[in-house]
Amino acid sequence: MMLSADETALLERAGEFARQVVAVQAPTWERQRRIGREALLEAARLGLTRLEVPAAWGGLGMSFSCKARLADILGAADFGFTMSLLNTHNVAAKLARDAPPEVARRYLPGLLEGSLIGCTALTEPGAGSDFAAIETRATRTADGWRIDGAKAWITNASDADVVLLYAQTEPGSGGRGIAGFVVDARRAGFVREPAFQLAGQHSIGTGGFRLEGYLAHGDEMLQPPGRAFKAALGSINGARTYIAAMSCGMTAEALRVASAYGEQRHTFGEPLAAHQGWRWRLAEASSELAACRLMVDRAATLIDAGEDAQLASAQAKLLSTRMAERQLHALSQAMGAEGLREAHPFGRHLIGARVASFVDGSTEMLLERISAVLRKGS
Numbered sequence: 001m002m003l004s005a006d007e008t009a010l011l012e013r014a015g016e017f018a019r020q021v022v023a024v025q026a027p028t029w030e031r032q033r034r035i036g037r038e039a040l041l042e043a044a045r046l047g048l049t050r051l052e053v054p055a056a057w058g059g060l061g062m063s064f065s066c067k068a069r070l071a072d073i074l075g076a077a078d079f080g081f082t083m084s085l086l087n088t089h090n091v092a093a094k095l096a097r098d099a100p101p102e103v104a105r106r107y108l109p110g111l112l113e114g115s116l117i118g119c120t121a122l123t124e125p126g127a128g129s130d131f132a133a134i135e136t137r138a139t140r141t142a143d144g145w146r147i148d149g150a151k152a153w154i155t156n157a158s159d160a161d162v163v164l165l166y167a168q169t170e171p172g173s174g175g176r177g178i179a180g181f182v183v184d185a186r187r188a189g190f191v192r193e194p195a196f197q198l199a200g201q202h203s204i205g206t207g208g209f210r211l212e213g214y215l216a217h218g219d220e221m222l223q224p225p226g227r228a229f230k231a232a233l234g235s236i237n238g239a240r241t242y243i244a245a246m247s248c249g250m251t252a253e254a255l256r257v258a259s260a261y262g263e264q265r266h267t268f269g270e271p272l273a274a275h276q277g278w279r280w281r282l283a284e285a286s287s288e289l290a291a292c293r294l295m296v297d298r299a300a301t302l303i304d305a306g307e308d309a310q311l312a313s314a315q316a317k318l319l320s321t322r323m324a325e326r327q328l329h330a331l332s333q334a335m336g337a338e339g340l341r342e343a344h345p346f347g348r349h350l351i352g353a354r355v356a357s358f359v360d361g362s363t364e365m366l367l368e369r370i371s372a373v374l375r376k377g378s
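Numbering-wise, the sequence shown is residues 1 to 378 according to the UniProt record's numbering.
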């Protein structure tokens with residue numbers, strides 16, 4: 001899909017921001033095990049929280065293809081930061097689309113300005129890929145809903161102010177009883193758990209929280225039972241596509257670093273780039289990257305056209321995350337011990353690629369989804 005002049009200009013600014021801010025600060029966020037909140041504010045000033053939000057709500061009304069390109073550009077600098085930013089953006093876009101006007105007015109300005117952090121809470125300690133099995137319970141009250149339960153493995157959970165939370169309103173009904181709510185993390189009844197201590201990528205802010213008698217107002221049901229489950233599953237095609245794009249971005253940055261190193265590092269009297277084995281390794285990485293980017297573009301184009309992107313997005317994520325893990329390892333190996341330096345992105349990106357293979361559909365779930373679509377088509 002061709003991007004507009006405004007979209008192209010935004011992506012150029014995002015590229016400078018990725019190189020000059022995100023890539024520079026990401027090692028510090030990792031050492032301090034926190035999200036890059038100050039950089040999120042700067043991203044908001046650049047308009048990166050407004051991408052798909054309609055102009056009527058102060059957004060830019062841009063395409064999903066632009067969002068996928070943004071994910072590629074920012075992913076090259078840091079996977080975790082990109083996930084954190086896009087999750088806040090997603091909350092803003094969903095509020096603009098689905099929330100009652102008074103609820104949208106309550107939270108959208110802060111989300112768009114970056115003063116509020118957003119997250120989407122589906123997964124639980126005992127429910128991940130099996131979304132219909134969630135146990136967080138929403139019980140009707142006289143003027144709203146009482147919510148009780150626990151969420152885990154949530155992006156931005158460590159800092160989120162505004163939560164799009166899914167809860168079961170009718171136990172035993174599966175997806176039919178699941179509803180979506182706007183939850184304010186600053187209210188009574190919201191109990192934040194300590195951020196998860198992981199192998200890396202702490203700029204994602206992964207963690208969990210509990211709802212203990214949390215009271216949601218009647219107008220804070222974002223999606224009613226019967227629609228919420230379908231809406232959540234529908235949004236996953238977009239998530240899989242931009243995660244595939246982020247995987248491409250991480251690989252592209254590793255390829256850029258390795259290419260530059262190969263020109264300046266000499267062995268046996270000549271640059272590494274003069275050796276056939278070195279050149280072929282980079283050629284393989286470049287070719288796989290180009291193919292995966294085409295798959296991302298195809299899925300994004302389908303999403304923009306309102307067509308079924310279920311198969312295209314699953315295939316793009318499956319192959320892009322596999323490519324990223326394989327090529328990041330190969331390029332890191334080619335760099336030798338030099339690749340272990342914190343100044344290079346290999347360590348962070350290797351963990352990022354591992355995370356990418358789990359979120360919004362593990363490799364195994366993607367294979368199951370692809371095979372189901374193929375079987376249905378046959």
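Using N, Cα and C, we set each Cβ at its ideal position, and we do this for glycine too.
First and last residue of the alpha helix (DSSP H) that includes residue i?
{"i": "D184", "result": "Segment I178 to D184 is the beta strand (DSSP E) holding D184; no alpha helix (DSSP H) there."}
{"i": "G352", "result": "F346 to A356"}
{"i": "A283", "result": "Q276 to D304"}
{"i": "T164", "result": "At residue 164 the sequence reads Leu, which differs from the Thr that was named. Not the alpha helix (DSSP H): L164 falls in the beta strand (DSSP E), residues V162 to Q168."}
{"i": "V103", "result": "P101 to E113"}
{"i": "M365", "result": "T363 to G377"}
{"i": "R341", "result": "Element bounds for R341: n/a, residue is neither H nor E."}
{"i": "L80", "result": "The sequence shown places Gly at residue 80, rather than the Leu named in the question. Where G80 is concerned, the enclosing alpha helix (DSSP H) stretches over F79 to D98."}
{"i": "L198", "result": "L198 -> no alpha helix (DSSP H), and no H or E assigned at all."}
{"i": "A68", "result": "F64 to G75"}
To the nearest whole angstrom, what separates the beta carbons of residue i and residue j, a pair I think is in contact under 8 Å?
{"i": "G36", "j": "S203", "result": "5 Å"}
{"i": "C292", "j": "M323", "result": "5 Å"}
{"i": "A68", "j": "A330", "result": "No, A68 and A330 are not in contact; Cβ-Cβ is about 25 Å, not under 8 Å."}
{"i": "A316", "j": "M250", "result": "About 15 Å; that fails the 8 Å criterion."}
{"i": "R137", "j": "P109", "result": "Contact flag wrong, Cβ pair sits at about 31 Å."}
{"i": "H124", "j": "A96", "result": "Here residue 124 is Glu; the residue named in the question, His, does not match the sequence. That pair is no contact at about 27 Å."}
{"i": "F79", "j": "H349", "result": "7 Å"}
{"i": "A43", "j": "F17", "result": "7 Å"}
{"i": "A371", "j": "S320", "result": "Position check: residue 371 holds Ser in this sequence, whereas Ala was assumed. That belief does not hold up - the Cβ atoms of S371 and S320 are roughly 18 Å apart, past 8 Å."}
{"i": "A55", "j": "G61", "result": "5 Å"}
{"i": "G58", "j": "R50", "result": "7 Å"}
{"i": "D72", "j": "A343", "result": "That pair is no contact at about 22 Å."}
{"i": "P345", "j": "A254", "result": "6 Å"}
{"i": "A356", "j": "I243", "result": "5 Å"}
{"i": "S129", "j": "S362", "result": "7 Å"}
{"i": "L367", "j": "L318", "result": "7 Å"}
Could you check where the beta strand (DSSP E) with residue i kicks off and where it finishes?
{"i": "Q20", "result": "First-last for Q20: undefined, no H or E at that position."}
{"i": "Q327", "result": "Where Q327 is concerned, there is no enclosing beta strand (DSSP E), although the alpha helix (DSSP H) it sits in stretches over Q310 to M335."}
{"i": "V191", "result": "F190 to R192"}
{"i": "D159", "result": "Premise fails: D159 is in no beta strand (DSSP E) and is neither H nor E."}
Give me whichever residues DSSP pairs with residue i in a beta bridge.
{"i": "A127", "result": "E124"}
{"i": "W145", "result": "R140 and A216"}
{"i": "E270", "result": "T267"}
{"i": "C119", "result": "V163"}
{"i": "I134", "result": "Looking at the DSSP assignment, I134 forms no beta bridge with any residue, so it has no partner."}
{"i": "K151", "result": "F209"}
Is any heavy atom in the ligand FAD found nearer than 7 Å to the beta carbon of residue i?
{"i": "E342", "result": "The ligand FAD is not part of the structure shown, which contains no ligands of any sort."}
* Asked: What are the start and end residues of each continuous beta strand (DSSP E) run of 3 or more residues lying completely inside the segment 200-258, in chain order?
  -> 207-217 and 221-223
* List in chain order: all unbroken beta strand (DSSP E) runs of 3+ residues lying wholly within the segment 17-62. => none
* Counting Cβ pairs closer than 8 Å, one from the segment 19-39 and one from the segment 181-189, do we hit at least three? -> no
* To do: Specify whether the segment 258-269 and the segment 277-294 touch according to this definition: at least 3 beta carbon pairs, one from each stretch, less than 8 Å apart.
  => yes
* Count the C-beta pairs between the segment 175-185 and the segment 223-241 that are closer than 8 Å, then say yes if the count reaches three, no if not. => yes
* Tell me, please, whether the segment 149-164 touches the segment 205-221 by the rule of three or more beta-carbon pairs shorter than 8 Å. => yes
* Asked: Are there three or more Cβ pairs, one per stretch, closer than 8 Å when the segment 192-202 is compared with the segment 266-274?
  -> no
* Indicate whether the contact test is met: 3 or more Cβ pairs, each with one atom in the segment 30-47 and one in the segment 101-119, closer than 8 Å. => yes
* Is there contact between the segment 209-221 and the segment 236-244, where contact requires at least three CB pairs shorter than 8 Å? -> no
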